[in-house]
Amino acid sequence: MIELDNKIHFNYNDIHYLIKTNYKCVTDFNPDIILAIGSGGLIPARILKTFINKPIYVISVKAYDDNQNLRNVEIIQWLSDNLENKKVLIVDEVDDTRTTLQFCIDKLQKQNKLNEYGIFVIHNKQKEKVYELQSDVFYHACSSVNDDWIVYPWDNY
Ligand code: 5GP
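Numbering (our numbering), first residue to last: 1 to 157.
This is how it looks when you write it as structure tokens:
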């Protein structure tokens, strides 16, 4: 990991190491499936699968800031599966404002009958979130970081 121009740069080895040293936290939650939030959650989900060996489902969304600097989420592709009887581990690369996670959880609950879920992210930015998770929801961030921009290896290599 290096800091450059007020950004934190991680390479593939950093990300792999973070997941390899954190995946055991998921053991007790013991999900039936991994649900990757694309695109940022795709590579983390794939690395996690190496260690916990659960099938990966995928949704794809795009987070963007509008003219009032409010974060919006656009759907690129969604699932048609019913998740009612599945324990789902939602994986993304970074929990920033939490808008994306909130949007995805709300929609998965409404559209896919998501019932039992947990969250696994590589980085949690230490800042105020737009959404408070219920206290009984499994949540694991491999690392907590300051509110700086993170450059992932798939963004810049
Ligand atoms: P949130 O919805 O939690 O505010 O932001 C989550 C999404 O915004 C992430 O899935 C990611 O696509 C993007 N994002 C937020 N902060 C960063 C960052 O520091 N670096 C990168 N590469 N993406 C970020």
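Positions of the beta carbon are idealized from the N, C-alpha and C atoms, including for glycine.
- For N112, the secondary structure class from DSSP, reduced to helix, strand or coil, is helix.
- Out of I59, E84 and D81, the CA that lies nearest to the CA of V73 is found in I59.
- Scanning P44, D5 and L70 for the CA closest to the CA of P153 turns up P44.
- When C-alpha distances from V145 are compared across E128, K113 and S135, the shortest belongs to E128.
- Our two residues, D81 and N112, have alpha carbons roughly 6 Å apart in a direct line.
- Judged by DSSP in its simplified three-state form, D92 adopts strand.
- Taking 4 residues as the minimum length, the alpha helix (DSSP H) runs contained wholly in the stretch 24-63 are 42-52, in order along the chain.
- Rounded to whole angstroms, Y17 and T99 show a C-alpha spacing of 27 Å.
- For N13, the enclosing alpha helix (DSSP H) begins and ends at Y12 to K20.
- Q77: member of the beta strand (DSSP E) spanning R71 to Q77, first to last residue.
- Taking a 10 Å sphere around the C-beta of E3, we find fewer than 16 other C-beta atoms and assign the residue as exposed.
- In terms of side-chain proximity, the C-beta atom of A36 is found no nearer than 7 Å to any non-hydrogen atom of the ligand 5GP.
- The beta-carbon distance between I119 and V130, rounded to whole angstroms, is 15 Å. This is too long to meet the 8 Å contact definition.
- Under a 10 Å Cβ-count criterion, E132 is classified as exposed, with fewer than 16 other Cβ atoms of the shown protein chains found around its own Cβ.
- Of the heavy atoms belonging to the ligand 5GP, none sits nearer than 7 Å to the Cβ of D5.
- Closest by C-alpha distance to I76, out of K125, Y117 and G38, is G38.
- Shortest gap from the CB of I150 to any heavy atom of the ligand 5GP: under 7 Å.
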